[in-house]
Structure formats: structure tokens, C-alpha cells
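K.L.:
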Amino acid sequence: MKGKVYLIGAGPGDASLITLKGLQCIKEADVIVYDRLASDSLLEEAKENCEFIYVGKKSKDHTKTQDEINEIIYKEALSGKIVARLKGGDPYVFGRGGEEGEYLVERNIPFETVPGVTSSIGGLAYAGIPITHRDYASSFHVITGHLKDESEELNWEALASLRGTLVFLMGVSNLKRICDRLMENGKDEDTPVAIVNWATTSYQKVVEGNLSNIYEKAIKEKITPPSLIVVGQVVKLRKKLNFFEEKLLFGKAIVVTRTKAQKKEFVNELKKLGATAYEFPTIEIDEISPNLELDSAIENIDKYTHILLTSVNGANIFFKKLFSLGYDARKLGEVKIGAIGPKTGKTIEKYGVRPDFIPEEHVSEALIKDLKKVLTEKDKVLVPRAKNARPYLVREISKICDVDEVKTYNTIKGINKAEKLIKFLKDKKDFYLTFTSPSTFNNFVEILGDDSSDILNRGKILSIGPITSNTIREKGYEVYGEAEEYTVDGLIELLVKEGEKQ
Ligand code: SAH
């Protein structure tokens, strides 16, 4: 049985610029064959057992030739797999997508193309440059700047005479030649030029000038590939239309240490604000399974008057278990439910139950204060929660009434590449480290070992609340900022204030 190949344009860098159809194909794929320019976070959308094959230029073993790439895609499809061939930008704009398509069609492999946002248009847009404009350019031309030798020379005379916008791709190493040829052939040396490096990503950097000075400027700014070179009057509009670099957290690097399952929301919000979110999960949730104690607590739930859920993970595990035992929210009957904070509350609501109380301040101490008002010695409380949670809550409740603590999960240290983070932060002068619990901090220190103190001293440490801050201070580090509301939204608010300072 033959599979099928989807030749997909991943867009210029910002992962959210992929098309709906492209994303759908990624989710269905058995194997994804991808390049350097396709955003890594798109790979996270793949199904669980999807395979990944990297064929980009900087691949570990060696650079794959186009023939080898064609053959890899073909073989994978021949074995019956759904192949997503993911390429940066649009697959047919200097992406050699046409050649890959031909190769497959000649071998009778079913194939479809999913167009993408090309960097030559979308990349410019993120730099505030519209590729056409009624007052400045009524055509545009996308040109390869990859000129191997003189025999491959472009028709410079024709290009220089065009009045539309010229966009050169793969042109950084030939920048001087491109500018010289255009001027030699009559293009005005004052024609505006911009170089857009890593367009649409939080590393985006733009250098502006004109045909006669852009080369010097690019050298000074150490511009490297991938970059777009855009020549034309539309460059002037950047002053007005530069929405992306004006975002509050643009250019700021923020390390996110919370669990894989919970980081997404935080990371997405940071990206929306223009920040570079470096994902470094230090915790993984390991559900205790089988868990006879939890099964029995649920079977006999009417023994209890209250259930307290002290984290999103704890709430999810509790309700999933309730459902997997064949029950639903009705099983809880009159039992009152308490949540530690709004996020846990929202999680509980997803299962059709509205929490009866959420303390104003989202820590166990505040929950106890609230509980003291509602609990009497006749009550019986169930607390399903993490194995290594602080004893405080259960100890205090036991002073009022009966309480059963049921351990439902372990938080274990995330497996992470310390070297990659160290490399990422090496040249960064201004970066933030965010910690959302004492264990994210402790695990961070453990994972980084000897390198942790340098990073913790150089970075600005942001903590979600007082308990986490105490842990950090006890270890001898300064807390740069603490969230007013002890939630991820509180951390975002802190960062927004940082952005507003500048
Ligand atoms: N198919 C791609 C282009 C592939 S050729 C597309 O449609 O965008 C590779 C060249 O594209 C790079 O050398 C660079 O000139 C340009 N490019 C791609 N992504 C870019 C980005 N995010 N920022 C700047 N240039 C980019």
C-alpha cells in the first residue's frame, strides 16, 4: 500500500503562520521530513508516535543532497506512511518543492501541495514593509541572490530598470555584488534597502539603509543568513507599520521552567507579547497508577463532606479517575469542592463542577483560613494531591476534623539538555528565569549542576509567589520580581510591567 506525501509550507518562522490545512496534515502524519527553516514548535503538533527526519543543511552527519532527500520522502511514502514534508515559507518559492513533487509523481506516489506564507512577503510584513503600495510600488519581484558564478548572472539591466519592489532571497553573501550591479545598471544609489534577518521570529533584526551604504551597515551589524534583502521605496513605510518589533516584550528572552503539560499557555502568551520563550521544563508529572487508595476514596465519596484540589494536575487526575471508574460529576453529590486558585477552579469546571470556594490568595495558608470558617469537627475532608506536597495543609485540617490525604502523582525531575540552555544564554545580557513552584527552582538547580549559579546570578529571577521566593532566597539568590497574583497571569503581568519600563 502506498502512502501519501503532503508538501507543506510551514510559513516564515512564527509557527502560528502555518495554514489550517498544513497543521491538519502535520497532525495526521506518520513521519515528518523537515528543514532548518521550519519552526520546531510545529513538530510538537505531531501525533504521539510520529517519526521525525531532519534533512536541513546543518544536519549532524552531513548535508543531504536533494537526490537523497527525494529518495527519503519517496521510500517513506512507498512503505505506506503519510509523509509531511515540511519546508520553510512556501514550498514552491526557492524551496525545490517542484523537484520533490516531480520525483514523486514520476513514481506514482500520491501527493498534494499545501502552500505557505512565503518569507518574501510575510517576512517583510513583520518588518513593517508592505511588498506593494499604491504610492510606491505596483509590482514586486522575488529573486535568488544565490549566484554561484558569473555564468549564472541575473539580467541586472532588466532588474535595475524595474520600479517595483525587489526582494532577494539567499543573498547575504552576495549583498555587495547585488547592490553594485543594481547601481552600475542605473538604479539610484539612494534607493532604500532593508535587510530582514530571522523575520517573524523573536530574533528578528532589521538593518536599514540605501544601495550605497547597506553593505557597510550589514557588516557592522554582523548580519547572517537567513535574511531577506528588500530594495525599493516601500522600505520607508517601516517607520509607520512596524507592529512586530514594537511589541512589549520583543527581543526579551524568558526561560519557562514549568511542566510540559502546563507551559503551553504561558509560552503562547509570551510569544504574543513578542518575547523569546525558551522552554526548559524541569518537572514531569508521573501519575500513581494503579492507585487503589484513590479508587476506594472515589467509590466511597459520600463519606466525605469536602474535597480539596490543590493543583491543576491534581484536579485533572482526580476527575479522570472518577470518569474512568464509570462515574461523572453526579457521583460527587453534595460534597463541597475547594480549589486552591482560579486555574485549578477552571480545570474543575471543565468537568461540570463549580468549586464551592477558592481563597483570595492562592496558597495553602489562605485556603486554611477559609476552611477554618467552614469546617466543623463533624466534617471529613479528602485531599488528593502530589506525593511530595508540603504537609502543612493536611496537618492544619487534621486539627479541625478528619482528613484523608491520597497521593495521586509524583513530580519528577524533567529530562533536559542543560548544554543547550547554557549555549542559548551565553551571550544574553538581559534575560528572565521564571519559577512557578519551589520544585521548578530546585530541579533547575539540580539539572544545571555547577552551571546553575552563574545563570541564576546573571538572569533576573521571577517567582510566582512567596513560597517559591523563599526557596530561592534560602539558596542565596535574589528574587527580582514576585507576582502579585500567584498565578502564571500574575507572572505575565510582572513581565508586562518590565516591558513598559523601557
Ligand atoms: N521557501 C522559502 C524560501 C526558501 S530559500 C520561502 O518561501 O520563504 C531560503 C531563503 O529564504 C533564506 O536564505 C532567506 O533569504 C529566506 N528566508 C526564509 N525564511 C526567512 C526568515 N525567517 N527570515 C529571513 N529570511 C528568510
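Residues in the sequence shown are numbered consecutively from 1169, following my numbering.
Yeah, the Cβ is synthetic: ideal placement off N, Cα and C, and Gly gets one too.
(1) For a quick check, are the C-beta atoms of residue 1572 and residue 1651 less than 8 Å apart?
(2) Counting pairs of Cβ atoms below 8 Å between the stretch 1176 to 1188 and the stretch 1209 to 1224, do you hit three or more?
(3) Just to be sure I understand the criterion: a residue counts if its Cβ is closer than 7 Å to at least one heavy atom of ligand 1. Which residues meet that?
(4) Put residue 1653 into one of helix, strand or coil per three-state DSSP.
(5) Thinking just about the alpha-carbon of each residue, which of 1257, 1242, 1285 is nearest to the one in residue 1270?
(6) Give me the residue from 1584, 1555, 1534 with the minimum Cα distance to residue 1449.
(7) For the alpha helix (DSSP H) that residue 1613 lies in, which residues bound it at each end?
(8) Residue 1552 by DSSP, collapsed to three states: which one?
(9) Going by C-alpha to C-alpha distance, which of 1217, 1206, 1297 sits closest to residue 1394?
(10) With DSSP as the reference, label residue 1173 as helix, strand or coil.
(11) What's the gap between the Cα of residue 1371 and the Cα of residue 1294?
(12) Is it right to say residue 1494 is buried, meaning 16 or more other beta carbons lie within 10 angstroms of its own, or is it exposed?
(13) Going straight from the alpha carbon of residue 1196 to that of residue 1581, what length do you get?
(14) To the nearest angstrom, report how far apart residue 1170 and residue 1203 are at their CA atoms.
(15) Quick check for students: name the residue ranges of the beta strand (DSSP E) that lie wholly in the stretch 1214 to 1272, counting only runs of 3 or more.
(16) If we require 3 or more residues per run, which beta strand (DSSP E) segments fall completely within the stretch 1264 to 1339?
(17) Classify residue 1582 as helix, strand or coil using the three-state DSSP reduction.
(18) How long is the line joining the alpha carbons of residue 1336 and residue 1529, rounded to whole angstroms?
(19) If we count Cβ pairs, one from each stretch, closer than 8 Å, do we get three or more for the stretch 1354 to 1369 versus the stretch 1285 to 1293?
(20) Ignore the nearest five residues each way along the sequence and tell me which others in residue 1175's own chain have a CB closer than 8 Å to its CB.
(21) Bridge partners of residue 1445, per DSSP?
(22) Does the beta-carbon of residue 1430 have 16 or more other beta-carbons within 10 angstroms, so that it is buried, or is it exposed?
(23) Tell me which same chain residues have a C-beta within less than 7 Å of the C-beta of residue 1515, skipping the five on either side of it?
(24) Is the stretch 1440 to 1448 touching the stretch 1318 to 1334, taking contact as three or more C-beta pairs under 8 Å?
(25) The alpha helix (DSSP H) that contains residue 1634, what's its start and end?
(26) Output needed for residue 1596: all residues of its chain with C-beta closer than 6 Å, excluding positions within five of it in sequence on either side, in chain order.
(27) Could you say which of 1657, 1439, 1339, 1602 lies nearest to residue 1114 if we only look at CA atoms?
(28) When the Cα atoms are used, what is the spatial distance from residue 1249 to residue 1310?
(29) Are residue 1200 and residue 1214 close, meaning C-beta to C-beta below 8 Å?
(30) Return the chain-ordered ranges of every beta strand (DSSP E) run that is complete within the stretch 1344 to 1383 and spans a minimum of 3 residues.
(31) Please name the residue in 1391, 1387, 1360 whose C-alpha comes closest to that of residue 1376.
(32) Leaving aside the five residues before and after residue 1639 along the sequence, list all residues of the same chain whose C-beta is less than 6 Å from its C-beta, in chain order.
(33) Is there contact between the stretch 1545 to 1560 and the stretch 1392 to 1406, where contact requires at least three CB pairs shorter than 8 Å?
(34) Check the DSSP bridge columns for residue 1507 and list the partner residues they point to.
(35) Please confirm whether residue 1338 and residue 1379 have their CB atoms less than 8 Å apart.
(36) Quick check on DSSP: helix, strand or coil for residue 1495?
P.N.:
So, from the data block:
(1) Counted from its first residue, the sequence shown places residue 1572 at position 404. Counted from its first residue, the sequence shown places residue 1651 at position 483. Contact flag unset, no.
(2) yes
(3) 1177, 1180, 1181, 1205, 1255, 1256, 1257, 1258, 1259, 1261, 1262, 1263, 1284, 1286, 1287, 1288, 1291, 1337, 1338, 1339, 1364, 1365, 1366, 1367, 1368, 1369, 1393, 1394, 1395, 1396
(4) In the sequence shown, counting from the first residue as 1, residue 1653 sits at position 485. Looking at residue 1653 - three-state DSSP - the assignment turns out to be coil, as it is neither helix nor strand.
(5) Working through the sequence shown from its first residue, we reach residue 1270 at position 102. Among 1257, 1242, 1285, the Cα nearest to that of residue 1270 is on 1242.
(6) As a working mapping, residue 1449 is identified with position 281 in the sequence shown. Minimum Cα distance to residue 1449 is reached at 1584.
(7) As a working mapping, residue 1613 is identified with position 445 in the sequence shown. Run containing residue 1613: 1606 to 1616, per the alpha helix (DSSP H) assignment.
(8) Taking the sequence shown and counting its residues from 1, one reaches residue 1552 at position 384. If DSSP states are grouped into helix, strand and coil, residue 1552 belongs with the strands.
(9) Translated into the one-based positions of the sequence shown, residue 1394 becomes position 226. Of the candidates 1217, 1206, 1297, the one whose C-alpha sits nearest the C-alpha of residue 1394 is 1206.
(10) Working through the sequence shown from its first residue, we reach residue 1173 at position 5. Of the three classes helix, strand and coil, the one that applies to residue 1173 here is strand, per DSSP.
(11) Counted from its first residue, the sequence shown places residue 1371 at position 203. Counted from its first residue, the sequence shown places residue 1294 at position 126. Roughly 12 Å between the two C-alpha positions.
(12) To locate residue 1494, count along the sequence shown from 1; it is residue 326. So residue 1494 counts as exposed.
(13) Within the sequence shown, residue 1196 is the residue found at index 28, counting from 1. Within the sequence shown, residue 1581 is the residue found at index 413, counting from 1. Approximately 31 Å between the Cα atoms of the pair.
(14) As a working note, residue 1170 is residue 2 in the sequence shown. As a working note, residue 1203 is residue 35 in the sequence shown. Residue 1170 and residue 1203: Cα-Cα distance of roughly 24 Å.
(15) Counting only runs of 3 or more residues that sit fully inside the stretch 1214 to 1272, the beta strand (DSSP E) segments are 1219 to 1222, 1250 to 1255, in chain order.
(16) Counting whole runs of 3 or more residues, the stretch 1264 to 1339 contains the beta strand (DSSP E) stretches 1279 to 1282, 1308 to 1312, 1333 to 1337.
(17) Numbered from its first residue, the sequence shown carries residue 1582 at position 414. The DSSP-derived three-state label of residue 1582 is coil.
(18) As a position in the sequence shown, residue 1336 is number 168, starting the count at 1. As a position in the sequence shown, residue 1529 is number 361, starting the count at 1. If you take the alpha carbons of residue 1336 and residue 1529, they lie about 55 Å apart.
(19) Taking 8 Å as the limit for Cβ pairs, the verdict is that the stretch 1285 to 1293 does touch the stretch 1354 to 1369.
(20) To locate residue 1175, count along the sequence shown from 1; it is residue 7. If we look at residue 1175 and ignore the five residues flanking it on each side, its Cβ neighbours are 1253, 1255, 1259, 1265, 1268, 1269, 1279, 1280, 1281, 1282.
(21) Locating residue 1445 in the sequence shown gives position 277, counting from the first residue. The partner list for residue 1445 (beta bridge, DSSP) reads 1422.
(22) The residue you call residue 1430 lines up with position 262 of the sequence shown. Residue 1430 comes out buried.
(23) In the sequence shown, residue 1515 corresponds to position 347, counting from 1. Taken in chain order, the residues that qualify are 1480, 1483, 1484.
(24) no
(25) Counting from 1 along the sequence shown, the entry for residue 1634 is found at position 466. Residue 1634 -> alpha helix (DSSP H) spans 1634 to 1642.
(26) On the sequence shown, residue 1596 is found 428 positions in, with the first residue counted as 1. For residue 1596, where only same-chain residues beyond five positions count, the Cβ hits under 6 Å are 1421.
(27) Here the chain has residues from 1169 to 1670 only, and residue 1114 is not among them.
(28) For the purposes of this step, residue 1249 is taken as the residue at position 81 of the sequence shown. For the purposes of this step, residue 1310 is taken as the residue at position 142 of the sequence shown. Approximately 35 Å, taken between the alpha carbons.
(29) Taking the sequence shown and counting its residues from 1, the one referred to as residue 1200 is at position 32. Taking the sequence shown and counting its residues from 1, the one referred to as residue 1214 is at position 46. Yes; because the gap between Cβ atoms is below 8 Å, this pair is in contact.
(30) 1360 to 1365, 1373 to 1378
(31) Stepping through the sequence shown from its first residue, residue 1376 is reached at position 208. Of the listed residues, the one whose Cα sits closest to residue 1376 is 1360.
(32) Position 471 of the sequence shown, counted from the start, is the residue given in the question as residue 1639. Shown here for residue 1639: same chain residues with a beta carbon closer than 6 Å to its own, the five before and five after excluded, namely 1606, 1609 in chain order.
(33) no
(34) Sequence index remark: in the sequence shown, residue 1507 carries index 339 (1-based). Per DSSP, 1477.
(35) For the purposes of this step, residue 1338 is taken as the residue at position 170 of the sequence shown. For the purposes of this step, residue 1379 is taken as the residue at position 211 of the sequence shown. No, the pair does not count as a contact, with Cβ atoms beyond the cut-off.
(36) As a position in the sequence shown, residue 1495 is number 327, starting the count at 1. The answer is coil: DSSP assigns residue 1495 none of H, G, I, E or B.
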